[in-house]
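In what follows, a structure is listed as structure tokens, so that the remarks can point back to it.
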Amino acid sequence: MNTFTLHLFATDRYESIENVASFTGEDKSGSFGLLARHERFMTALTFGLARLLMADGSHEYLGFPGGLLYFVDNELRISTRRYLRDTDVERIAQAITRELLEEEQALEQTRRKLHRLEAEMLRRLAQLGVE
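So in this note's numbering, spot 104 of the sequence shown is number 237, and the numbers just go up one at a time.
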């Protein structure tokens, strides 16, 4: 069975996973799969789960809040802020819902606060220009 190497890059760690037979993930266009020796491919992954089929027939699952995927020279590289890895799909589905969704909600709150701060700064600058 042909295999490839997966390189996972996150803000807090790096992992290399050998003997991956296939990767199934999702981007904005839908689900897709990659096998060993696939041609060069790049896409932006969406929030969710991906499945790895290992050469021994076992499965592993990855959960992430999105990321950049690049397949070249029989190596798959995924860059993301954070990821979860598990062999149990139910456990990782619960963890991604709990951990990553909470993180995404906190980031959205921060974005809203920054937007309000920016609006207030622009309002004050406009007042200074008028006076």
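Just so you know, even glycine gets a beta-carbon here, dropped at the ideal spot from N, CA and C.
For tyrosine 203 against valine 222, the beta-carbon gap comes to about 25 Å, at or over 8 Å, which does not count as contact. Taking each of Glu253, Leu167 and Ser162 in turn and checking the Cα distance to leucine 139, the smallest one comes out for Leu167. In this structure, leucine 209 and phenylalanine 137 form a Cβ contact; the two beta carbons are roughly 6 Å apart against a cut-off of 8 Å.
In the structure shown, glycine 262 adopts helical secondary structure according to DSSP, grouped into three states. In this structure, the CA atom of asparagine 152 is about 11 Å from the CA atom of serine 191. The DSSP assignment places complete beta strand (DSSP E) segments of no fewer than 3 residues inside the region 182-225 at 192-205, 208-212 and 217-219, in order along the chain. In the displayed model, methionine 134 falls within coil according to three-state DSSP, outside both helix and strand. Counting the other CB atoms within 10 Å of its CB gives alanine 183 a total of 16 or more, which places it among the buried residues.
Taking C-beta atoms as the reference points, leucine 186 and alanine 154 count as a pair closer than 8 Å. One thing to note: leucine 240 has its Cβ no nearer than 8 Å to the Cβ of isoleucine 229. The Cβ atoms of arginine 249 and glutamate 236 lie no closer than 8 Å to each other. CA-CA distance, serine 162 to arginine 170, rounds to 22 Å. Cβ contact annotation for alanine 226 (same chain, cutoff 7 Å, sequence separation greater than five): Leu182, in chain order.
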